[in-house]
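Q: Right, I'll just put the structure down here and ask away after.
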Amino acid sequence: MNADVLRSYLPLYKEAAMLTIRLGLLGIALAFLIGLVCAAVLYCKIPVLRTVVRAYIELSRNTPLLIQLFFLYYGLPKLGIRTTPEACGVSGLAFLGGGYMAEAFRSGMEAIAPIQLESALSLGMTRTQALSSVILPQALTVSFPALMANVIFLMKETSVFSAVSLMDLMFTAKDLIGLYYNTTESLFLLVVFYLLILLPISLVGSLIERRLRYAGAGL
Amino acid sequence: MGREILRIEHLHKEFEGKTVLDDLSLTLAEGEVAVIVGPSGCGKSTLLRCVNALEPIQGGSIFLDGAEIHADPRKLPQLRQKVGMVFQSYELFPHKSILDNITLAPRKVQKRSREDAEAEALTLLERVGLADRAKDYPRQLSGGQKQRVAIVRSLIMHPALMLFDEVTAALDPEMVREVLDVLLDLAKQGRTMLIVTHEMQFARAVADRILFLDDGGIVEEGRPADFFDHPKTERAQRFLNTFTFETVKE
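Chains as they are written, first to last, in my numbering: chain H, 1231 to 1449; chain R, 364 to 613.
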């Protein structure tokens, strides 16, 4: 492995990593929101909407992100909708992640005994109030490990962004290998940068998880 | 007796085709304490749950202070503020402190200020002897203490009617008294209460009226002394006999 090569590649990888982080976090944040709304619809058993949500969850979880991205990138312009590669990447990740987040939130909410909801309702709270102040905060503790696993999984899924010409880490590595054949250095940096992004997320996640478990002990 | 707080007319309730409450009628005046007793599975808890619409009903109507409860689901949050309910399993919110448990509904639902709600919460906690636990979490409290907090949490909404669903059934014997004393105190203050309990001595002490429920209907009702000393119906006699052991040793 050549140190000079590594050093000269570093700025390119840094830039690519920033793109991966930026689009990844944005997509994950949107996935969170989608998941939360979908889970609330399922929990409240809202007619019609719950069927739509179920269909969405099945569709998003049972098709690969690559195919979803192709649909957005090549399909939407055919329908006359103009998009950018970045918008495709973010919305593709949000579409995929929304389904997974919805299931994580839903299982957490359903783990809270229904009588907690009744007790909130009997105090005069509306369903929305009961959900946001009583059910969700408790469900979040239960769902946290699953949500964290989703965040890591989605962050890794960003590696297919290169397929829609986004210059992320994967794109950069492939590009450099194609240009200079420094395969070892290029792949080494790729692994290092993904680890640099994901390890802190994992560590912080398990730290928070441990604290939550301590706080929730003897519920 | 004062004005009418609760009126139940020809209530019919079934679960999946099985009738639980059948043609049940009942009125409760302001300041009245009615205790519902009866064998398990007779529909006591279901009746309470129907009163604040935690259960849908299949026939009849329930009026709270003149307003029909099951008429319009959108008015339910409004109506439920007038009915305090205390559950057998306390159902405090485990992620909130005692003080937050009590002030959550006044602040969210009645839009009262934090200072105002907390001041009243502390006064009420003082009255049930738990003012020093305000900052604690439910998991740090004993069952009897949790149940007293649950009662305070209902009281702070100033309900016109309080429902108690076997509130001492999950407690160790030595904690039963501390909770029942709170209920007796409330009765003395002239609160309107509908109580389901298996504590017969307590029922006798607290009730203005006993309702004996069996097979989904009120089989017998009367003043505690009459009911416990001279039950009229054979079913009530049989029920009361299960609480004594006189017939065992002969």
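All C-beta atoms in this analysis are idealised placements derived from N, C-alpha and C, irrespective of residue type, glycine included.
With DSSP run on the structure shown, which of helix, strand or coil describes H/I1427?
A: Translated into the one-based positions of the first sequence, residue 1427 of chain H becomes position 197. It is helical.
Q: Nearest-angstrom Cα distance between R/A484 and R/K376?
A: One-based indexing of the second sequence puts residue 484 of chain R at position 121. One-based indexing of the second sequence puts residue 376 of chain R at position 13. Taking the straight line joining both Cα atoms gives about 36 angstroms.
Q: Select from H/L1256, H/Y1286, H/I1258 the residue whose C-alpha is nearest the C-alpha of H/C1268.
A: Sequence index remark: in the first sequence, residue 1268 of chain H carries index 38 (1-based). That would be H/Y1286, whose Cα lies nearest to the Cα of H/C1268.
Q: Nearest-angstrom Cα distance between R/P469 and R/H433?
A: Residue numbering aside, residue 469 of chain R sits at position 106 when the second sequence is read from its first letter. Residue numbering aside, residue 433 of chain R sits at position 70 when the second sequence is read from its first letter. Taking the straight line joining both Cα atoms gives about 23 angstroms.
Q: Just to confirm before moving on: does the CB-CB distance between H/M1231 and H/F1374 stay below 8 angstroms?
A: Stepping through the first sequence from its first residue, residue 1231 of chain H is reached at position 1. Stepping through the first sequence from its first residue, residue 1374 of chain H is reached at position 144. Their beta carbons are not under 8 angstroms apart, which means H/M1231 does not touch H/F1374 by this criterion.
Q: Pull out every residue of the stretch 1252-1286 of chain H whose Cβ sits closer than 9 angstroms to any Cβ of chain R, in chain order.
A: Going along the stretch 1252-1286 of chain H in chain order, one finds no residue with a Cβ nearer than 9 angstroms to chain R.
Q: Compute the Euclidean distance between the alpha carbons of H/R1252 and H/I1258, then round it to the nearest angstrom.
A: As a position in the first sequence, residue 1252 of chain H is number 22, starting the count at 1. As a position in the first sequence, residue 1258 of chain H is number 28, starting the count at 1. When rounded, the distance between both Cα atoms is 10 angstroms.
Q: How should H/R1440 be labelled, buried or exposed, when 16 other C-beta atoms within 10 angstroms of its C-beta is the threshold for buried?
A: In the first sequence, residue 1440 of chain H corresponds to position 210, counting from 1. Burial call: exposed.
Q: Can you tell me where the beta strand (DSSP E) holding R/I371 begins and where it ends?
A: Against the second sequence, residue 371 of chain R aligns to sequence position 8. Per DSSP, R/I371 belongs to the beta strand (DSSP E) from 367-378.
Q: Please state whether DSSP places H/K1404 in a helix, a strand or coil.
A: Locating residue 1404 of chain H in the first sequence gives position 174, counting from the first residue. DSSP places H/K1404 in helix when its eight states are reduced to three.
Q: Note down, in chain order, all residues in the stretch 1338-1355 of chain H with a beta-carbon under 7 angstroms from any beta-carbon belonging to chain R.
A: Cβ contacts with chain R come from I1345, Q1346, E1348, S1349, L1351, S1352, L1353, G1354, M1355.
Q: Do R/E562 and R/V539 count as a contact pair if the criterion is CB distance below 8 angstroms?
A: What you label residue 539 of chain R is simply residue 176 of the second sequence in a count that begins at 1. What you label residue 562 of chain R is simply residue 199 of the second sequence in a count that begins at 1. Taking 8 angstroms as the Cβ cut-off, R/V539 and R/E562 qualify as a contacting pair.
Q: Go ahead and label R/K474 buried or exposed: buried means 16 or more other beta carbons lie within 10 angstroms of its beta carbon, across all protein chains shown.
A: To locate residue 474 of chain R, count along the second sequence from 1; it is residue 111. Exposed: under 16 other Cβ atoms inside 10 Å.
Q: With H/S1373 as the anchor, note down where its alpha helix (DSSP H) starts and where it stops.
A: Position 143 of the first sequence holds residue 1373 of chain H. H/S1373 -> alpha helix (DSSP H) spans 1366-1387.
Q: I need the boundaries of the alpha helix (DSSP H) containing R/D499, first residue and last residue.
A: For this step, residue 499 of chain R is matched to residue 136 along the second sequence. Where R/D499 is concerned, there is no enclosing alpha helix (DSSP H), given that its DSSP letter is neither H nor E.
Q: Using beta carbons (cut-off 8 angstroms, strictly below), is H/S1363 in contact with chain R?
A: Reading the first sequence from its first residue, position 133 is the one you call residue 1363 of chain H. Yes, H/S1363 lies at the interface with chain R (some Cβ there is under 8 angstroms from its Cβ).
Q: Contact check, R/I465 vs R/R516 under 8 angstroms by CB: the rounded distance?
A: As a position in the second sequence, residue 465 of chain R is number 102, starting the count at 1. As a position in the second sequence, residue 516 of chain R is number 153, starting the count at 1. The pair is a contact, with the Cβ atoms about 5 angstroms apart (cut-off 8 angstroms).
Q: Grouping DSSP H, G and I as helix and E and B as strand, with all else coil, what is R/T390?
A: Your numbering for residue 390 of chain R matches position 27 in the second sequence. Strand.
Q: Counting contacts by CB-CB distance shorter than 8 angstroms, is H/P1375 in contact with chain R?
A: Here residue 1375 of chain H corresponds to residue number 145 of the first sequence, with the count starting at 1. Answer no: the Cβ-Cβ gap between H/P1375 and chain R never drops below 8 angstroms.
Q: Can you give me the start and stop residues for the beta strand (DSSP E) that R/R572 sits inside?
A: Position 209 of the second sequence, counting from 1, holds the residue named residue 572 of chain R. Its beta strand (DSSP E) spans residues 572-577.
Q: Suppose the cutoff is 6 angstroms on Cβ atoms and the five residues either side in sequence are ignored; what does the same chain contact list for R/I461 look like?
A: Here residue 461 of chain R refers to the residue found at position 98 when the second sequence is read from its first residue. Contacts found: R496, A497, D499, V512.
Q: For R/R598, which of R/L439, R/V400, R/T382, R/L384 has the nearest alpha-carbon?
A: One-based indexing of the second sequence puts residue 598 of chain R at position 235. Ranking R/L439, R/V400, R/T382, R/L384 by Cα distance to R/R598 puts R/V400 first.
Q: Do H/L1396 and H/L1420 come within 8 angstroms of each other at the CB atom, strictly closer than that value?
A: Numbered from 1 along the first sequence, position 190 holds the residue referred to as residue 1420 of chain H. Numbered from 1 along the first sequence, position 166 holds the residue referred to as residue 1396 of chain H. Not in contact: H/L1420 and H/L1396 (Cβ atoms no closer than 8 angstroms).
Q: Output, in sequence order along the chain, the residues in the stretch 474-489 of chain R whose CB is closer than 7 angstroms to any CB in chain H.
A: Result list empty, no residue passes.
Q: I'd like to know if R/Q324 contacts chain H, where contact means its C-beta is closer than 8 angstroms to some C-beta of that chain.
A: This structure cannot speak to residue 324 of chain R, because chain R is shown only from 364 to 613.
Q: Between which two residues does the alpha helix (DSSP H) harbouring R/F426 extend?
A: If you number the second sequence from 1, residue 426 of chain R lands on position 63. It is not in any alpha helix (DSSP H) - R/F426 instead sits in the beta strand (DSSP E) that spans 422-427.
Q: Give a yes or no on whether the minimum CB-CB distance between H/P1294 and chain R is below 8 angstroms.
A: Your numbering for residue 1294 of chain H matches position 64 in the first sequence. It does not; no Cβ of chain R falls within 8 angstroms.
Q: Let me see if you follow: with CB-CB separation under 8 angstroms, is H/P1367 close to chain R or not?
A: By one-based count along the first sequence, residue 1367 of chain H stands at place 137. Chain R contact via Cβ: present.
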